[in-house]
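Undergrad: Structure in structure tokens, see below.
Numbering (this note's numbering), first residue to last: 80 to 254.
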């Protein structure tokens, strides 16, 4: 099993109507091995201003990118090693977009059903220490808990993946 910190930036919240616009991933345990690609939204995808505010992309910038969502999902799957497992903050979101992109590209998704969810492991870590977790526990709140710098704003998928690696390594380190 190979564990990858993964983050996607999208044009909205619904994987069936919105598009991936960037994928970032870092191999956990081999952090010098990483993946980052950007693409234009698939034709007909909804593009929400709120999503673009989060990721810093503009419609003009996205429209001028030469790669399609299908092209970058294909490259991403080719980059992964055998038996990959995803680690992400709110992994259901990233997993659902990767699955929808794989379906649109008619590609098998190499990720299985299991994921490591950063939100869940940080929540458990905080509770195990006898502390009360923050109500929301966003990625930035997870970073803040470990005295790590906030993710840049706006951010891209690679910075999100790298933040996930930092948190994963802190929570799972052997004392």
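Glycine included, each C-beta is placed from N, C-alpha and C at the ideal position.
All values reported here derive from a predicted model rather than from experimental measurement.
What is the rounded straight-line gap between the Cα of residue 135 and the Cα of residue 89?
TA: Numbered from 1 along the chain shown, position 56 holds the residue referred to as residue 135. Numbered from 1 along the chain shown, position 10 holds the residue referred to as residue 89. Going from the Cα of residue 135 to the Cα of residue 89 covers about 11 angstroms.
Undergrad: Roughly how many angstroms lie between the CA atoms of residue 109 and residue 84, to the nearest whole one?
TA: Residue mapping note: residue 109 aligns to position 30 of the chain shown, counting from 1. Residue mapping note: residue 84 aligns to position 5 of the chain shown, counting from 1. Distance between the alpha carbons of residue 109 and residue 84: 11 angstroms.
Undergrad: How about residue 194 and residue 165: do their beta carbons lie closer than 7 angstroms?
TA: Residue mapping note: residue 194 aligns to position 115 of the chain shown, counting from 1. Residue mapping note: residue 165 aligns to position 86 of the chain shown, counting from 1. Yes, the pair counts as a contact, with Cβ atoms nearer than the cut-off.
Undergrad: Bridge partners for residue 81 per DSSP, in chain order?
TA: For the purposes of this step, residue 81 is taken as residue 2 along the chain shown, with counting starting at 1. DSSP, once it has assigned bridges, lists 163 as partnering residue 81.
Undergrad: So, at 6 angstroms on beta carbons, what are the nonlocal neighbours of residue 180 in its own chain, with the 5 sequence-adjacent residues on each side left out?
TA: For the purposes of this step, residue 180 is identified with residue 101 of the chain shown, where counting begins at 1. Answer for residue 180: 99, 148, 152, listed in chain order.
Undergrad: Three or more beta-carbon pairs under 8 angstroms between the stretch 192–208 and the stretch 217–235, yes or no?
TA: yes
Undergrad: Nearest to residue 208 by alpha carbon, out of 250, 118, 133, 128?
TA: Here the question's residue 208 lines up with position 129 in the chain shown. In terms of Cα proximity to residue 208, the closest of 250, 118, 133, 128 is 250.
Undergrad: Run through the stretch 89–162 for me and flag every whole beta strand (DSSP E) of 3 or more residues, listed as ranges in chain order.
TA: 99–106, 113–117
Undergrad: Less than 8 angstroms between the CB atoms is what I'm expecting for residue 236 and residue 101, so what's the real figure, rounded?
TA: Indexing the chain shown from 1 puts residue 236 at position 157. Indexing the chain shown from 1 puts residue 101 at position 22. Going by Cβ atoms, the distance from residue 236 to residue 101 rounds to 4 angstroms, so yes, they are a contact pair.
Undergrad: Starting from residue 196 and walking both ways along the beta strand (DSSP E), at which residues does that stretch end?
TA: Within the chain shown, residue 196 is the residue found at index 117, counting from 1. Residue 196 -> beta strand (DSSP E) spans 194–196.
Undergrad: With the cut-off set at 7 angstroms, would you say residue 87 and residue 240 are in Cβ contact?
TA: As a first step, residue 87 is located in the chain shown; it is residue number 8 there, counting from the start. As a first step, residue 240 is located in the chain shown; it is residue number 161 there, counting from the start. Against a cut-off of 7 angstroms, the Cβ pair of residue 240 and residue 87 comes out as no contact.
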